[in-house]
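Below you'll find the structure, written out as structure tokens, and then a few comments.
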Amino acid sequence: MATRIGQRGASPRTVARGETVAARAFLAEIAPEATVTHVSKRWVLVSDLQCIGPVVEDIVALCAAAGFSPRQCRLNVPVAITEALANAILQGNRNVVSRTVVVLAVVNSERMVVDVTDEGQGFDVTVEQRTPDDPDWLEREDGRGIFLMRQLMDEVVSECLEAGHLLRLILHKA
Amino acid sequence: MSFSLERMDDIAIVTVDGQLVVTNRQEFKQTILDAVEQGARLVVVDFTTSGYIDSSGLGALVSLSRRLRDAGGDLRLVGLNEDLRTLFELTRLDALFPLYATRADALAAR
Chain W
1 MATRIGQRGA
11 SPRTVARGET
21 VAARAFLAEI
31 APEATVTHVS
41 KRWVLVSDLQ
51 CIGPVVEDIV
61 ALCAAAGFSP
71 RQCRLNVPVA
81 ITEALANAIL
91 QGNRNVVSRT
101 VVVLAVVNSE
111 RMVVDVTDEG
121 QGFDVTVEQR
131 TPDDPDWLER
141 EDGRGIFLMR
151 QLMDEVVSEC
161 LEAGHLLRLI
171 LHKA
Chain S
1001 MSFSLERMDD
1011 IAIVTVDGQL
1021 VVTNRQEFKQ
1031 TILDAVEQGA
1041 RLVVVDFTTS
1051 GYIDSSGLGA
1061 LVSLSRRLRD
1071 AGGDLRLVGL
1081 NEDLRTLFEL
1091 TRLDALFPLY
1101 ATRADALAAR
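Those protein sequences? They're chains W and S, same order as listed. Using the working numbering, you'd call the opening residue of the first sequence number 1 and step up by one each time. Using the working numbering, you'd call the opening residue of the second sequence number 1001 and step up by one each time.
Written out as structure tokens, the structure is:
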């Protein structure tokens, strides 16, 4: 069952699939007019918040290389990915460092799709629909992560797996 | 991300350099809480050299704002670029925080 919502992330045990950033840079050097049409990269992370930054930077770099707008690269992508990864580590994996978060980013000339899978049981989207219209919204310290992901991405999908929870973030190039 | 704190009487100015996110919001929050504990009542957070803020960073600001109000003080934000302003508008937190263009504006409005 897939439900519209958000996604999560992982750390520097990195496994690259398909073309890597280095490969793209090489292609750009030998054929600067050529457009790389598809890049995917996968990370398996321990549940440590310090893993978030490098993965976010990598995904932003993939999007920038694919021609996503500066605003998307400065705001939409890093904020939404940070939210997804923090959710996976803190909520999904309950901050248990040995639990892993798997991140798969696929970026092409049209869109970015990032899957974040944790070992948690997922969450009920219907009770995670907090919006600024909620009476206590302005005073809340937490509870804005999913809202932000939905605002900054074109699509957010949540899916409970047999062992874990998948959050998928989709953003079309502006 | 790093941040620096300047104190003048009951004023504290915090400069955020880089992202204010889940990995550093506690340190950020504690720095300001310590300043409030030591008498700061007007806290100005300068985001001129900041990157992005996530929901944890926004939450830390909300919490600090409440703490300062309870102490009879005020938390003011300055130097937000267009991206950061968008975040505050999306979350409607622009209604909670007084946003100023510069430090001088924030201090003059006292």
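Just so it is clear, CB atoms sit at the ideal spot from N, CA and C, and this is done for glycine as well.
* Using a Cβ-Cβ cut-off of less than 8 angstroms, list which residues of the stretch 1059-1081 of chain S approach chain W; keep chain order. => G1059, A1060, V1062, S1063, R1066
* To do: Could you list the residues in the stretch 33-60 of chain W with a C-beta less than 8 angstroms from some C-beta on chain S, going in chain order?
  => L49, Q50, I52, G53
* Chain-ordered neighbours of S1050 (chain S) on chain W, where CB pairs are closer than 7 angstroms -> The contacting residues do not exist; S1050 (chain S) stays about 11 angstroms from chain W at best.
* Looking at the structure shown, is F68 (chain W) part of a helix, part of a strand, or coil, going by DSSP? -> coil
* **V1021 (chain S): contacting residues in chain W (beta-carbon distance under 7 angstroms)** => T82
* Which residues in chain S sit within 7 angstroms of P132 (chain W), going by Cβ to Cβ distance? -> T1091, R1092
* Cβ shell of L1107 (chain S) (< 6 angstroms), same chain only, five flanking positions each side left out -> none
* Asked: Under three-state DSSP, which class holds S158 (chain W)?
  -> strand
* To do: Report the three-state DSSP secondary structure of E1082 (chain S) (helix, strand or coil).
  => helix
* To do: Could you tell me the boundaries of the beta strand (DSSP E) in which M153 (chain W) lies?
  => M153 (chain W) -> no beta strand (DSSP E), and no H or E assigned at all.
* Say whether chain S places a C-beta atom closer than 8 angstroms to the C-beta of G6 (chain W). => At G6 (chain W) the pLDDT is 33, less than 50, meaning the model places this residue with poor confidence; the figure from the coordinates comes in the next sentence. No, G6 (chain W) does not count as interfacial toward chain S.
* Any Cβ of chain S within less than 8 angstroms of the Cβ of G145 (chain W)? -> yes
* Asked: Are there three or more Cβ pairs, one per stretch, closer than 8 angstroms when the stretch 66-79 of chain W is compared with the stretch 1027-1045 of chain S?
  -> no
* For E139 (chain W), does the three-state DSSP call read helix, strand or coil? -> helix
* **Residue interval of the beta strand (DSSP E) (run including E1006 (chain S))** => 1002-1008
* Asked: Measuring CA to CA, which of W:G53, W:L161, W:V156 is closest to G122 (chain W)?
  -> W:L161
* Asked: With 16 other CB atoms within 10 Å as the buried threshold, where does N95 (chain W) fall?
  -> exposed
* Using a Cβ-Cβ cut-off of 8 angstroms, state whether S1002 (chain S) counts as contacting chain W. => no
* For S1002 (chain S), is the classification buried or exposed, using 16 other Cβ atoms within 10 angstroms of its Cβ as the cut-off for buried? -> exposed
* Secondary structure of N108 (chain W), DSSP reduced to three states -> strand
* To do: Verify the CB distance criterion: does T1031 (chain S) have a CB-CB separation below 8 angstroms to chain W?
  => no
* **Validate contact between the stretch 1006-1013 of chain S and the stretch 132-150 of chain W using beta carbons, cut 8 angstroms, 3 pairs** => no
* To do: Would you check if the stretch 154-173 of chain W and the stretch 1084-1099 of chain S touch, i.e. whether three or more CB-CB distances between them fall below 8 angstroms?
  => no
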